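Undergrad: The following block contains the structure, expressed as structure tokens.
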Amino acid sequence: MSANLDRAIEIVQRAIEDDQKQNYDAAYKQYQNALDYFMLALKYEKNEKSKLLIRSKVNEYLARAETLKDHLSQSQEKRARKALGANGMNGGAAGGGKKKDGDDDDVDPEVKKLRAGLAGAIISEKPNVKWDDVAGLEAAKESLKEAVILPIKFPHLFTGKRTPWRGILLYGPPGTGKSYLAKAVATEAKGTFFSVSSSDLVSKWQGDSERLVRQLFEMARENKPAIIFIDEVDSLAGSRNEQESEGSRRIKTEFLVQMNGVGHDDTGVLVLGATNIPWQLDNAIKRRFEKRIYIPLPGTEARRRMFQLHVGDTPCELTVKDYRLLAEKTEGYSGSDISVVVRDALMQPVRKVLSATHFKQMPSLSDPSVMMWTPCSPGDPEAVEKSWSEVESDDLLEPPLKLADFLKSLDSVRPTVTADDIKRHDQWTMESGNEGA
Numbered sequence: 001m002s003a004n005l006d007r008a009i010e011i012v013q014r015a016i017e018d019d020q021k022q023n024y025d026a027a028y029k030q031y032q033n034a035l036d037y038f039m040l041a042l043k044y045e046k047n048e049k050s051k052l053l054i055r056s057k058v059n060e061y062l063a064r065a066e067t068l069k070d071h072l073s074q075s076q077e078k079r080a081r082k083a084l085g086a087n088g089m090n091g092g093a094a095g096g097g098k099k100k101d102g103d104d105d106d107v108d109p110e111v112k113k114l115r116a117g118l119a120g121a122i123i124s125e126k127p128n129v130k131w132d133d134v135a136g137l138e139a140a141k142e143s144l145k146e147a148v149i150l151p152i153k154f155p156h157l158f159t160g161k162r163t164p165w166r167g168i169l170l171y172g173p174p175g176t177g178k179s180y181l182a183k184a185v186a187t188e189a190k191g192t193f194f195s196v197s198s199s200d201l202v203s204k205w206q207g208d209s210e211r212l213v214r215q216l217f218e219m220a221r222e223n224k225p226a227i228i229f230i231d232e233v234d235s236l237a238g239s240r241n242e243q244e245s246e247g248s249r250r251i252k253t254e255f256l257v258q259m260n261g262v263g264h265d266d267t268g269v270l271v272l273g274a275t276n277i278p279w280q281l282d283n284a285i286k287r288r289f290e291k292r293i294y295i296p297l298p299g300t301e302a303r304r305r306m307f308q309l310h311v312g313d314t315p316c317e318l319t320v321k322d323y324r325l326l327a328e329k330t331e332g333y334s335g336s337d338i339s340v341v342v343r344d345a346l347m348q349p350v351r352k353v354l355s356a357t358h359f360k361q362m363p364s365l366s367d368p369s370v371m372m373w374t375p376c377s378p379g380d381p382e383a384v385e386k387s388w389s390e391v392e393s394d395d396l397l398e399p400p401l402k403l404a405d406f407l408k409s410l411d412s413v414r415p416t417v418t419a420d421d422i423k424r425h426d427q428w429t430m431e432s433g434n435e436g437a
């Protein structure tokens, strides 16, 4: 028997003793502590029969911990109502039902404080990123429509055994558009969208991190249909090890409890996670993400579309053939890399203005009767020697973007994703992934 399992059994026995003595607050804390050690024991256990036994005990103690948590919450609410009643105020309805955000009088001050900290995670204004703004990733977009949009739009389709996914993981090399896809989901979904990172859920005060995770899920359940998007979920739910802190283990345990939905109706709540390093996810957390969607580097057609989207309505002389050439030259570039290439290329006309020693007059694009100054080579027959400082701001004609500007930028902007990165993601996809994009 491992040291972790020994420790888990020792702590859970104390929890059961406190539970039997109706010392529920101490029992709840002991159960949580024991579950951390059970999960560590499960991670290092090799025997399948032992694993099954440990899992059954984990589920049993998780359920009991949740029951105690609900009981403690209800007791606290009743005490708060009683205190309010003693001050001549209405104590509200009896029972222990869910409280909406508007029921401020019945909400514990600590809960109010935690919820205020999470209020910024709710995206009230849509990011205005449409599906068409996401170049490529057609399979990923279809999977997200199936898993996220349809259950919200047509809930009657998902009844009986046909239930929507509760957890979806977007994984792939950095810069491939995982967070951008989440913005498209936030725009298209007709529900409440929570966008959080590990920094939103980690507190320096002991116990606050678990409470933040709990309140996040409570807020989502109160505002169904809801989507919780957790960027860089690996930093919140990485693999367990002997060196990690007690606080980190407790956050993972609470995250598992909430994703399990023990004692709660989680219909209409989806957890959408994103990570660049899926192999570092805790195995128990990974299983909660039932659907895993690989977001790979963009293909040739997707890269061509990205160049067009990023250039937008900037004056340019690029042809369809030029865009195709740029797409072919950027094999191995991520969407983020291409964005940097375009941003650098967009600065090339500005650099021409700064370095120009000669300008010539050209008609304005909006009004051909108005003449403006634009940079030119000293050998141009119409060249006039002057610097940019001598040109009035309203008289400068922006040099158009050319293919040469992009080729020059490509010489200085290299791809950030290595062949080893791709190989490792492909290997993880074969072992643990569900979907390609």
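Numbering (full-length UniProt numbering), first residue to last: 1 to 437. Ideal Cβ positions, reconstructed from N, Cα and C, are used throughout, including at glycine. Just so you know, these numbers come straight off a predicted model, no measurement behind them.
Does the beta-carbon of A274 have 16 or more other beta-carbons within 10 angstroms, so that it is buried, or is it exposed?
TA: In the sequence shown, the residue the question calls residue 274 occupies position 274. Buried: at least 16 other Cβ atoms inside 10 Å.
Undergrad: Reducing DSSP to helix, strand and coil, say where V391 ends up.
TA: Taking the first residue of the sequence shown as position 1, residue 391 is located at position 391. Three-state DSSP puts V391 in coil, outside helix and strand.
Undergrad: DSSP three-state call for K252: helix, strand or coil?
TA: Start at 1 with the first residue of the sequence shown, and residue 252 comes out as number 252. Reduced to three states, the DSSP call for K252 is helix.
Undergrad: Could you give the first and the last residue of the continuous alpha helix (DSSP H) run that contains T187?
TA: Indexing the sequence shown from 1 puts residue 187 at position 187. Its alpha helix (DSSP H) spans residues 178-188.
Undergrad: Go to V271, then tell me how far its beta strand (DSSP E) extends in each direction, as first and last residue.
TA: In the sequence shown, residue 271 corresponds to position 271, counting from 1. That run of the beta strand (DSSP E) goes 269-275.
Undergrad: Suppose contacts are defined by Cβ-Cβ distances below 8 Å. Is R324 in contact with R304 by that definition?
TA: On the sequence shown, residue 324 is found 324 positions in, with the first residue counted as 1. On the sequence shown, residue 304 is found 304 positions in, with the first residue counted as 1. In contact: R324 and R304 (Cβ atoms closer than 8 Å).
Undergrad: Between P155 and chain C, is any beta-carbon pair separated by less than 8 Å?
TA: Going by chain labels, chain C is absent from the structure shown, which holds only one protein chain.
Undergrad: Nearest-angstrom Cα distance between P378 and K321?
TA: By 1-based counting over the sequence shown, the position of residue 378 is 378. By 1-based counting over the sequence shown, the position of residue 321 is 321. Distance between the alpha carbons of P378 and K321 is about 30 Å.
Undergrad: Which term fits K126, buried or exposed, when burial requires 16 or more other beta carbons within 10 angstroms of its beta carbon?
TA: Within the sequence shown, numbered from 1, the residue matching residue 126 stands at position 126. Exposed is the call here.
Undergrad: W388 and L346: beta carbons closer than 8 Å?
TA: Taking the first residue of the sequence shown as 1, we reach residue 388 at position 388. Taking the first residue of the sequence shown as 1, we reach residue 346 at position 346. It is not a contact, given that the beta carbons lie outside the stated cut-off.
Undergrad: Give me the Cα-Cα distance between E390 and L318, rounded to the nearest whole angstrom.
TA: For the purposes of this step, residue 390 is taken as the residue at position 390 of the sequence shown. For the purposes of this step, residue 318 is taken as the residue at position 318 of the sequence shown. Computed Cα separation, rounded: 30 Å.
Undergrad: Might you give, ordered along the chain, the residues of its own chain that have their beta carbon closer than 6 Å to the beta carbon of F229, omitting 5 neighbours on each side?
TA: Indexing the sequence shown from 1 puts residue 229 at position 229. The residues are A182, S195, L272.
Undergrad: Does the segment 159-170 come into contact with the segment 276-292, if we say contact requires no fewer than three beta-carbon pairs (one atom in each stretch) closer than 8 Å?
TA: At 8 Å Cβ cutoff, the stretches touch.
Undergrad: If distances are taken between C-alpha atoms only, which option among S432, E392, R7, W131 comes closest to K291?
TA: By one-based count along the sequence shown, residue 291 stands at place 291. Per the Cα distances, S432.
Undergrad: Mind checking who L318 pairs with in its DSSP beta bridge?
TA: As a working mapping, residue 318 is identified with position 318 in the sequence shown. None; L318 has no bridge partner.
Undergrad: Within the same chain, show all residues whose beta-carbon is closer than 8 Å to that of L72, passing over the 5 residues directly before and after it, in chain order.
TA: Locating residue 72 in the sequence shown gives position 72, counting from the first residue. Here the set comprises Y24, D25, Y28.
Undergrad: Bridge partners of E385, per DSSP?
TA: Counted from its first residue, the sequence shown places residue 385 at position 385. In the DSSP output, where bridge partners are listed per residue, E385 has H358.
Undergrad: Going by DSSP, name the residue or residues bridged to K291.
TA: Working through the sequence shown from its first residue, we reach residue 291 at position 291. In the DSSP output, where bridge partners are listed per residue, K291 has I168.
Undergrad: If distances are taken between C-alpha atoms only, which option among T163, I152, W165, G177 comes closest to W131?
TA: On the sequence shown, position 131 is the one that residue 131 refers to. Among T163, I152, W165, G177, the Cα nearest to that of W131 is on G177.
Undergrad: Which residue comes first and which comes last in the beta strand (DSSP E) that contains A41?
TA: Taking the sequence shown and counting its residues from 1, the one referred to as residue 41 is at position 41. Careful: A41 lies outside any beta strand (DSSP E), inside the alpha helix (DSSP H) at 24-44.
Undergrad: In terms of residues, what are the limits of the beta strand (DSSP E) holding P298?
TA: For the purposes of this step, residue 298 is taken as the residue at position 298 of the sequence shown. Segment: none, P298 is in no beta strand (DSSP E) and carries neither H nor E.
Undergrad: I want to know whether the segment 326-335 touches the segment 294-309 - three or more CB-CB distances under 8 Å.
TA: Yes, they touch.
Undergrad: Would H310 and S339 qualify as a contact pair, given that the criterion is a beta-carbon distance under 8 Å?
TA: Translated into the one-based positions of the sequence shown, residue 310 becomes position 310. Translated into the one-based positions of the sequence shown, residue 339 becomes position 339. The answer is yes: Cβ separation under 8 Å.
Undergrad: Considering only their Cβ atoms, is the gap separating M306 from A186 smaller than 8 Å?
TA: The sequence position of residue 186 within the sequence shown is 186, counting from 1. The sequence position of residue 306 within the sequence shown is 306, counting from 1. Contact flag unset, no.
Undergrad: Less than 8 Å between the C-beta atoms of I251 and S197, yes or no?
TA: Translated into the one-based positions of the sequence shown, residue 251 becomes position 251. Translated into the one-based positions of the sequence shown, residue 197 becomes position 197. No, they are not a contact pair.
Undergrad: Determine the direct distance from the alpha carbon of P400 to that of V413, and round the result to whole angstroms.
TA: Within the sequence shown, the letter at position 413 stands for residue 413. Within the sequence shown, the letter at position 400 stands for residue 400. Spanning the two alpha carbons is a distance of roughly 21 Å.
Undergrad: Can you look up K21 in the DSSP assignment and give me helix, strand or coil?
TA: Taking the first residue of the sequence shown as 1, we reach residue 21 at position 21. In the structure shown, K21 sits in coil (DSSP, three-state: anything other than H, G, I, E or B).
Undergrad: From what residue to what residue does the alpha helix (DSSP H) around V342 run?
TA: Residue numbering aside, residue 342 sits at position 342 when the sequence shown is read from its first letter. That run of the alpha helix (DSSP H) goes 335-346.
Undergrad: Would you kindly work out how many angstroms separate the C-alpha atoms of G92 and K224, rounded to a whole number?
TA: Here the question's residue 92 lines up with position 92 in the sequence shown. Here the question's residue 224 lines up with position 224 in the sequence shown. Any reading at G92 must be qualified, since the residue scores a pLDDT of 38, below 50, and its modelled position is unreliable; the value itself is stated next. Roughly 24 Å between the two C-alpha positions.
Undergrad: Can you have a look at D6 and say buried or exposed, based on whether 16 or more other CB atoms are within 10 angstroms of its CB?
TA: Translated into positions along the sequence shown, residue 6 becomes position 6. Its Cβ having fewer than 16 others within 10 Å, D6 is exposed.
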